[in-house]
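A short write-up of the structure that comes next.
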Amino acid sequence: MEEKEYFDKYEERLIEQLVAVCTERNVLAGKEIEVEEALTEWNAMAPEYMADAVSQINSYPAYTLALAGYIGMAVARGWDEDWERNCPFIYRALCGPQGFDYGDEHILQSVLGYSLESNEALLREAALRACAHTAMSQIRHEEVEGQTSKALYILARSARAMFRAGLSIELYARGYRYQRMIVDLPQNPAEQTN
0 MEEKEYFDKY
10 EERLIEQLVA
20 VCTERNVLAG
30 KEIEVEEALT
40 EWNAMAPEYM
50 ADAVSQINSY
60 PAYTLALAGY
70 IGMAVARGWD
80 EDWERNCPFI
90 YRALCGPQGF
100 DYGDEHILQS
110 VLGYSLESNE
120 ALLREAALRA
130 CAHTAMSQIR
140 HEEVEGQTSK
150 ALYILARSAR
160 AMFRAGLSIE
170 LYARGYRYQR
180 MIVDLPQNPA
190 EQTN
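The numbering of the sequence shown is numbering that gives the first Met the number 0, which starts it at 0 and goes up by one.
Structure follows, in structure tokens:
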């Protein structure tokens, strides 16, 4: 149980950092946009993603982490447009016919519908790149010995945090916001009228 708490705290600290990076870049407004169904989809796709990530993380650490964010963006689109029709998400389909190495381009172009040179694509790419570098820094800060189960769990939690960041970025771009609501309730229940 102690290890689970450690990984939970690690992921939450990382999410806070990613939200701060995204807020600084004006792609979020200080808060993660949470969608429980989307995390369920990530959990289903994570084993296939991790199989690819483990073989790529040493050569392409920033891209490997950023791809999880792109997947989050793709799931956000599916959630926003028609969750019932788009579920379940298939990891290999999201990455496209060229697979892991070109998953970012496939998601931007074919799933989200952006030209790679568009402002929308460039804004998302820059935000996810900054998030990936933040995640890499946090991973190094943990001083985890490579090729261990702890290193694998840190990678998995970092990827899930990146997925959550990508999900939030895309939902924010689609107009989702947390807003404070002020409700004027009567002081005395007897004052209520039907």
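We treat Cβ as the ideally placed atom computed from N, Cα and C, and that holds for glycine.
Residue i in three-state terms, based on DSSP
i: L27; result: coil
i: T147; result: coil
i: I56; result: coil
i: L111; result: coil
i: Q186; result: coil
i: E80; result: helix
i: Q97; result: coil
i: F88; result: coil
Classification of residue i by the beta-carbon crowding that lies within 10 angstroms, buried from 16 upward
i: D103; result: buried
i: Y62; result: buried
i: I106; result: buried
i: I32; result: buried
i: L115; result: exposed
i: S58; result: exposed
Residue of the options minimising C-alpha distance to residue i
i: N200; options: A92, G77, R91; result: Outside the shown range of the chain (0 to 193) lies residue 200, about which nothing can therefore be said.
i: I70; options: Y177, E80, K8, I168; result: I168
i: P60; options: G174, R139, L13, K3; result: R139
i: F99; options: Y171, M44, R12; result: M44
i: L122; options: Y171, I14, I56; result: Y171
Heavy atom of the ligand NAD within 7 Å of residue i beta-carbon
i: Q146; result: This structure lacks the ligand NAD; in fact it carries no ligand of any kind.
Rounded Cβ spacing between residue i and residue j (contact assumed at less than 8 Å)
i: L127; j: G165; result: 6 Å
i: Y48; j: A67; result: 7 Å
i: A65; j: A131; result: 4 Å
Is the number of C-beta pairs between the segment 21 to 40 and the segment 133 to 153 that are closer than 8 Å three or more?
-> no
Can you find at least 3 beta carbon pairs, one from the segment 134 to 146 and one from the segment 78 to 98, that sit closer than 8 Å?
-> no
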